Amino acid sequence: ARRPVLLQLVSGDLAGLFTRAFLLTFFNMSAYWFAVVWLPRYLQEERGLSIVGTGVWTLVFVAGSITGYLSFGRVSDAIGRRPAFALYCGITAAGLAMVTVFWNTFAADPRTGLLCMFVAGVGTGTWSCYGPYFSELFPTRVRGTAMSVIMNVTRGAQFVAPLVLAAVARQWGLASGIALAAAFAALAGAWVWTLPETVGARIEV
Numbered sequence: 001a002r003r004p005v006l007l008q009l010v011s012g013d014l015a016g017l018f019t020r021a022f023l024l025t026f027f028n029m030s031a032y033w034f035a036v037v038w039l040p041r042y043l044q045e046e047r048g049l050s051i052v053g054t055g056v057w058t059l060v061f062v063a064g065s066i067t068g069y070l071s072f073g074r075v076s077d078a079i080g081r082r083p084a085f086a087l088y089c090g091i092t093a094a095g096l097a098m099v100t101v102f103w104n105t106f107a108a109d110p111r112t113g114l115l116c117m118f119v120a121g122v123g124t125g126t127w128s129c130y131g132p133y134f135s136e137l138f139p140t141r142v143r144g145t146a147m148s149v150i151m152n153v154t155r156g157a158q159f160v161a162p163l164v165l166a167a168v169a170r171q172w173g174l175a176s177g178i179a180l181a182a183a184f185a186a187l188a189g190a191w192v193w194t195l196p197e198t199v200g201a202r203i204e205v
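Quick note: the working numbering has the sequence shown finishing at residue 205, numbered continuously throughout.
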């Protein structure tokens, strides 16, 4: 008898691949949610921006995100799924680190800060990776279940992100809390190398 699809994912020859893909998604989603949940409040309370100013900075981040979503596919086709994912994670980590840990280096020139926000947004183009990459990683018999479980369970787990960030912020400030996003982005960029490269692979049908 054919084993249930979920059982095939958590045991046997696919278990390691499934676990690594799950952790990749968890790390990357954590980077995103640690950043966006508290970013407006951080800009207002710790950096003194007005509501309008916070809105402008957020829109710049969103503009960067759209740029990242549209560009990631082309970049990953050109240089590979893993290098592209690592590159975009590094971009996010650098941008977020600049607007938190290294804020004082450009505080006198808001344009540099806005550029960093845009850069951080571009890095979230990694969201465009999952459809093609996971389709290439998993065989047809488990592909739908694998993608559904990974994307939705890791998304559901993010309900703890605001709680973790609030605990960190209470101790070290919102900047340190949001800087966790940069750390998770860097971790995701490193973790992707535990998975195989698939660019140019023939998808099983």
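Beta carbons are placed, not taken as given, at the ideal position from N, Cα and C, and that holds for glycine. This one's a predicted model, so the numbers in the text were calculated from it and none came from an experiment.
What residue range does the alpha helix (DSSP H) around residue i cover?
{"i": "P110", "result": "P110 to G123"}
{"i": "T154", "result": "T140 to G156"}
{"i": "S71", "result": "I51 to I79"}
{"i": "S176", "result": "L174 to W191"}
{"i": "E136", "result": "Y130 to L137"}
{"i": "S30", "result": "A15 to E45"}
{"i": "V5", "result": "V5 to V10"}
Counting only the same chain and skipping the five closest in sequence on each side, list residues whose C-beta sits under 6 Å from that of residue i.
{"i": "Y42", "result": "L174 and I178"}
{"i": "G64", "result": "F118, G121 and V122"}
{"i": "A182", "result": "A93, L96 and A97"}
Please identify the residue among the options whose C-alpha is closest to the C-alpha of residue i.
{"i": "V60", "options": "Y88, R74 and G123", "result": "G123"}
{"i": "L87", "options": "S71, Q171, A169 and S11", "result": "S71"}
{"i": "L96", "options": "A169, I150, G156 and L39", "result": "L39"}
{"i": "L6", "options": "F184, I150 and V36", "result": "I150"}
{"i": "V192", "options": "L9, T25, P4 and Q8", "result": "T25"}
{"i": "G131", "options": "Q158, F102, S76 and P162", "result": "S76"}
{"i": "V37", "options": "A185, L163, L114 and A107", "result": "L163"}
{"i": "W221", "options": "S11, S176 and F184", "result": "Not covered by the structure: residue 221. The range shown for the chain is 1 to 205."}
{"i": "A157", "options": "V10, R3, G12 and F34", "result": "F34"}
{"i": "S206", "options": "A146, A185, F184 and Y32", "result": "There is simply no residue 206 to check, as the chain begins at 1 and stops at 205 in what is shown."}
{"i": "R155", "options": "S50, L23 and P4", "result": "L23"}
Within 10 angstroms of the Cβ of residue i, are there 16 or more other Cβ atoms? Answer buried if so, exposed if not.
{"i": "T140", "result": "exposed"}
{"i": "T100", "result": "buried"}
{"i": "I203", "result": "exposed"}
{"i": "T105", "result": "exposed"}
{"i": "R111", "result": "exposed"}
{"i": "S148", "result": "exposed"}
Near residue i, what residues of its chain come up, given a Cβ to Cβ distance below 8 Å and the 5 sequence neighbours on each side ignored?
{"i": "T126", "result": "N28, G68, F72, F85, Y88, C89, T92 and A188"}
{"i": "E45", "result": "L174"}
Excluding sequence positions up to five away, which residues of its chain have a Cβ less than 7 Å from the Cβ of residue i?
{"i": "G80", "result": "E197 and V199"}
{"i": "S133", "result": "The question names Ser, yet the displayed sequence has Tyr at residue 133. Result list for Y133: R81 and T198, in chain order."}
{"i": "Q8", "result": "L14 and V142"}
{"i": "L17", "result": "L137"}
{"i": "R20", "result": "T194 and L195"}
{"i": "T54", "result": "P40, L43 and Q44"}
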